[in-house]
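S.K.: According to our numbering, the sequence shown is numbered sequentially starting from 13. The beta-carbon is built from N, C-alpha and C at its ideal position, and this holds for glycine as well. Right, I'll just put the structure down here and ask away after.
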Amino acid sequence: MDATFCQECEGLGYITINGRRWAESKICKCKHPCRDCRGEGRHIERDDQGMTFVTTCDCIHLKKRVRRFNQAHIPGAYHGKTVESFQPKTKLQNAVRQWLLAFQKRGKSSDRGILVMGNPGVGKTHLICGVLRYLVLERGQNCRYIDSFQLLQELKASFESGGKSSKLMEEVASVEILGMDELGKTRTTGWHREVLDQIISRRYDAGLTTFVTSNYGPHSSKSALHDRNQDDSRLVEMARNESLRERVGGRIYSRLMEMCQPLVIDGQDMRIQDSL
């Protein structure tokens with residue numbers, strides 16, 4: 013192994029930690045200060061014709077990726093989760109993993125996203141956070157994670173207090189790649205549905221990539237999502253008897269079907285299994 017290989021960051025140049033609320037990243041000490049440009053952020057080079065020109069050092073791009081990661085609002089507990097580290101237990105889990113691995117390599121911010129539907133605890137949040145982590149830190153793309161329930165609660169509280177919710181709305185509606193977790197956790201009616209419809213419609217019209225997860229399936233039948241979680245009968249019953257369409261409305265659901273590749277994921281609740 014190269015004697016200069018950094019064990020702390022494994023050669024990536026950055027590390028991630030569980031911050032106070034969100035996942036955080038920082039430049040590894042092996043890259044700070046930068047040995048290539050000595051902290052200047054640029055290189056002065058000469059071409060074959062003897063012309064001198066200035067190029068930006070890679071450390072500037074690394075700083076930009078780290079800054080974007082710290083603005084992505086990925087939950088702190090998922091700071092180190094990657095698509096590669098997800099260990100599928102079923103064929104459906106592996107199908108979702110393979111889809112996301114392919115997107116990591118070739119996906120663009122204008123490509124169709126993915127809608128992952130399945131019972132709680134089967135790895136949906138791990139996978140979505142993992143792909144966002146990669147896209148920000150390795151490809152420098154501008155990504156944002158949101159919990160759909162918390163988003164609607166924050167927007168509603170801001171609206172009722174007379175505050176301005178336009179900044180958060182604009183950020184979520186226009187970010188290059190959005191990861192929307194737990195869609196359908198709250199039955200959207202009235203004001204909630206209007207807000208969600210506005211976000212989805214704006215992203216649809218702009219052709220922006222959206223990754224979505226939900227505990228609700230495409231059909232309101234008992235065969236839609238298998239009962240793998242006997243200890244949370246309320247969620248299982250909800251997942252059995254209601255579809256995602258019923259939770260968010262036909263218009264939003266229809267847009268999601270166009271924007272995203274729908275995939276159902278199965279398996280046992282990993283959170284319960286890990287606690288046994």
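Alpha carbons only, please: which of L195, R80 and V66 is nearest the one belonging to P132?
M.R.: Taking the sequence shown and counting its residues from 1, the one referred to as residue 132 is at position 120. The shortest C-alpha separation from P132 is found at L195.
S.K.: Is Q83 helix, strand or coil by DSSP?
M.R.: Taking the first residue of the sequence shown as position 1, residue 83 is located at position 71. Here Q83 sits in coil by DSSP.
S.K.: Which residue marks the beginning of the alpha helix (DSSP H) containing V148, and which one marks its end?
M.R.: Taking the first residue of the sequence shown as position 1, residue 148 is located at position 136. Per DSSP, V148 belongs to the alpha helix (DSSP H) from K136 to L149.
S.K.: Assess, as a yes-or-no matter, whether the segment 141-155 is touched by the segment 197-216 under the definition of 3 or more beta carbon pairs within less than 8 angstroms.
M.R.: Not touching, per the Cβ criterion.
S.K.: Taking 7 angstroms as the threshold (C-beta atoms), are D278 and T102 in contact?
M.R.: Indexing the sequence shown from 1 puts residue 102 at position 90. Indexing the sequence shown from 1 puts residue 278 at position 266. Yes, Cβ-Cβ distance for T102 and D278 is below 7 angstroms.
S.K.: Is the Cβ-Cβ distance between V275 and V108 less than 7 angstroms?
M.R.: By one-based count along the sequence shown, residue 275 stands at place 263. By one-based count along the sequence shown, residue 108 stands at place 96. Before going further, note that residue 275 is Leu rather than Val in the sequence given. In this structure, V108 lies closer than 7 angstroms to L275 by Cβ.
S.K.: Runs of 3 residues minimum, wholly inside the segment 171-221: which ones carry the beta strand (DSSP E) assignment?
M.R.: Runs found: 189-193.
S.K.: Mind the definition here: the segment 71-83 touches the segment 124-138 only if three or more C-beta pairs lie below 8 angstroms; say whether that holds.
M.R.: These segments do not touch.
S.K.: For P87 and A35, what's the separation of their Cα atoms in angstroms?
M.R.: Taking the first residue of the sequence shown as 1, we reach residue 87 at position 75. Taking the first residue of the sequence shown as 1, we reach residue 35 at position 23. Going by the C-alpha atoms only, they are around 6 angstroms apart.
S.K.: With DSSP as the reference, identify every bridge partner of V159, one or two as the case may be.
M.R.: Taking the sequence shown and counting its residues from 1, one reaches residue 159 at position 147. Residue 159 is actually Asp in this sequence, not Val. Answer is D193.
S.K.: Give me the Cα-Cα distance between Q99 and Q110, rounded to the nearest whole angstrom.
M.R.: Counted from its first residue, the sequence shown places residue 99 at position 87. Counted from its first residue, the sequence shown places residue 110 at position 98. Roughly 11 angstroms separates the two Cα atoms.
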